[in-house]
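So the protein sequences, as listed, match chains R and Y. Number 99 in our numbering belongs to position 99 of the first sequence; there are no gaps in the numbering. Count along the second sequence from 1, add 1000, and you get the number used in our numbering. Backbone N, C-alpha and C define an ideal beta-carbon position, used for all residues, glycine too.
2 protein chains.
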Amino acid sequence: MDQAKLVYSANDSFYKAFESLDIDQMERIWLPASHIKCIHPGWPVLSGPGPVMQSWQRIFDNTRSMKFDLAEVQVQVAGTTGWVVLLENLESQTEQGTSHSQILATNIFQELNGAWFIVHHHGSPILMPPTEATERLH
Amino acid sequence: MDQAKLVYSANDSFYKAFESLDIDQMERIWLPASHIKCIHPGWPVLSGPGPVMQSWQRIFDNTRSMKFDLAEVQVQVAGTTGWVVLLENLESQTEQGTSHSQILATNIFQELNGAWFIVHHHGSPILMPPTEATERLH
């Protein structure tokens, strides 16, 4: 089995768990290990299962729905580690209404007994439009 | 040799290259591979040696000095892959003056022939103070 496809699939499972707003589903796709970490956009680093899962619970408690359209998904695998860099097009509904945002994410996965689990999520806002960034390179 | 120490050292070399403002020094610590990627704070994803190195050249051209004080450095290693999550306390001087900023970074490294090279840098701004994030978890 192509390991890159398995990492791609594990990445999809992460966003499906995100959309489910179900903490049990989210907990199942994280490696149950002390070194897991999570950086929500603009937040400080959360380390370990306790703080990471509490943050998801808090986000789920304050969200009515989330819908991700993933773009520019780039997958790398080296041995039992994989990482995915992608653009999240997110539509979220809260009590405050519907909002659309674009977030860049780096997700790191580790393989354990044939299954891939997420061990690190780093999400961050895009502040510079792509055209401006391209111009800055010329 | 402890691989985690080597990854820690490779991470230090990345920030020394950053402070050097020397494109040759920066180029030497990146794996010369098509899959290298870089996300500067607020920028879109840059992929491949060309766009990544052009971005450093542009940053170096527009900077007089950079000084990093690294904090909360957490290193993980699995086989030939390592990743570091940390807080960058940055003092930078440009034509516009001196500025201080805090940036969260995820840096991924790969080992090749006994040496560790950076393959991905994801930097992002902190928008929420740590105290508020902690309160949101309670």
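Check, Outcome
"On the DSSP letters alone, give me the boundaries of the alpha helix (DSSP H) that Y:L1006 sits inside.", "1003 to 1020"
"How is Y:Q1096 classed by DSSP in three states: helix, strand or coil?", "coil"
"CB-CB under 6 Å to R:H121, same chain, minus the five flanking residues each way: which ones, in chain order?", "C38, N107"
"Compute the Euclidean distance between the alpha carbons of R:L70 and R:S124, then round it to the nearest angstrom.", "14 Å"
"Alpha carbon to alpha carbon, how far is Y:R1058 from R:T134? Give it in angstroms, no decimals.", "Reliability fails at R:T134, whose pLDDT of 49 lies under 50, so the model's placement of it is uncertain and no value is given."
"Relative to the C-alpha of R:F68, which residue among R:N11, R:A33, R:E88 is closest?", "R:E88"
"List, in chain order, every chain Y residue whose beta-carbon is nearer than 8 Å to that of R:M163.", "With chain R covering 1 to 138 only, the question about residue 163 of chain R has no answer from this structure."
"Consult DSSP for R:V85 and reduce its assignment to one of helix, strand or coil.", "strand"
"In whole angstroms, give me the CA-to-CA distance for Y:E1091 and Y:W1043.", "19 Å"
"Output needed for Y:M1053: all residues of its chain with C-beta closer than 7 Å, excluding positions within five of it in sequence on either side, in chain order.", "I1023, E1027"
"Going along chain Y in order, which residues have a C-beta closer than 7 Å to the C-beta of R:V52?", "None at all; the shortest Cβ gap to chain Y is about 10 Å."
"For Y:H1138, which residues of its own chain have a beta-carbon under 6 Å away from its beta-carbon, when the five flanking residues on both sides are left out?", "For Y:H1138, the predicted model reports a pLDDT of 42, less than 50, meaning its position is unreliable and no value from the coordinates is stated."
"Return helix, strand or coil for Y:G1123, following the three-state DSSP convention.", "strand"
"Helix, strand or coil for R:M26, going by three-state DSSP, please let me know.", "helix"
"Among R:F18, R:Y8, R:Q76, R:F60, which has the Cα closest to the Cα of R:T94?", "R:F60"
"Could you tell me whether the Cβ of R:H35 comes closer than 7 Å to any Cβ of chain Y?", "yes"
"Where does R:V75 fall in DSSP's three states?", "strand"
"Ordered along the chain, which non-local residues of its own chain (more than five positions away) have a Cβ less than 7 Å from that of Y:S1047?", "K1037"
"Assuming R:I59 is part of the beta strand (DSSP E), what are its boundary residues?", "Careful: R:I59 lies outside any beta strand (DSSP E), inside the alpha helix (DSSP H) at 49 to 61."
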